[in-house]
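>
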Amino acid sequence: MSATDFEYLLNKIGPEISKMDTNMRKCIPVQERLAVTLRFLATGDSYQSLAYLFKFLAQLISSIIPEVCQAIINALQEFIKLPKNCSEWEKTAAEFEKNVEFSSLRRGSRREAHPDSGTL
1 MSATDFEYLL NKIGPEISKM DTNMRKCIPV QERLAVTLRF LATGDSYQSL
51 AYLFKFLAQL ISSIIPEVCQ AIINALQEFI KLPKNCSEWE KTAAEFEKNV
101 EFSSLRRGSR REAHPDSGTL
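Note that full-length UniProt numbering gives residue 69 to position 69 of the sequence shown, counting from 1, and the numbers run on in steps of one.
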């Protein structure tokens with residue numbers, strides 16, 4: 001994602017995801033809240049992996065990601081089409097699976113472990 005796109009998205013959702021500092025702790029800046037969410041969406045990393053990478057508690061990340069995702073949906077709903085019922089979800093899932101299968105076939109999905117890797 002370009003810096004311009006990041007800033008655009010940040011300006012759209014920043015007010016919705018910003019938090020106030022308290023006497024007990026400082027809040028996570030909106031830039032970092034968006035960054036951890038985008039990293040999760042792009043890589044599918046576990047919350048524990050993201051916690052290690054961003055130096056946040058995994059429990060905190062588990063509350064940040066759904067909140068930021070909802071803010072993205074709210075801000076960009078004119079650009080995002082979500083399925084409205086079960087049949088649309090099933091159709092979308094089937095198309096996704098078909099595309100994943102096709103792309104793995106195109107790349108040659110047969111992979112062999114390195115002889116010294118310890119796997120069979």
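Quick reminder that beta carbons are idealized off the backbone N, C-alpha and C, glycines included.
Could you check what DSSP says for cysteine 27 in three-state terms: helix, strand or coil?
Residue state, collapsed to three classes: coil.
> Buried or exposed: isoleucine 13, going by 16 or more other Cβ atoms within 10 Å of its Cβ?
Buried: at least 16 other Cβ atoms inside 10 Å.
> I need the straight-line Cα distance from glutamine 59 to alanine 51, nearest angstrom please.
Going by the C-alpha atoms only, they are around 9 Å apart.
> Check for me: the alpha helix (DSSP H) holding phenylalanine 6 runs from which residue to which?
First-last of the alpha helix (DSSP H) with phenylalanine 6: 3 to 17.
> Measure how close the beta-carbons of threonine 37 and isoleucine 73 come, nearest whole angstrom, since I'm counting them as under 8 Å.
At roughly 12 Å, the Cβ-Cβ gap does not stay under 8 Å, so threonine 37 and isoleucine 73 are not in contact.
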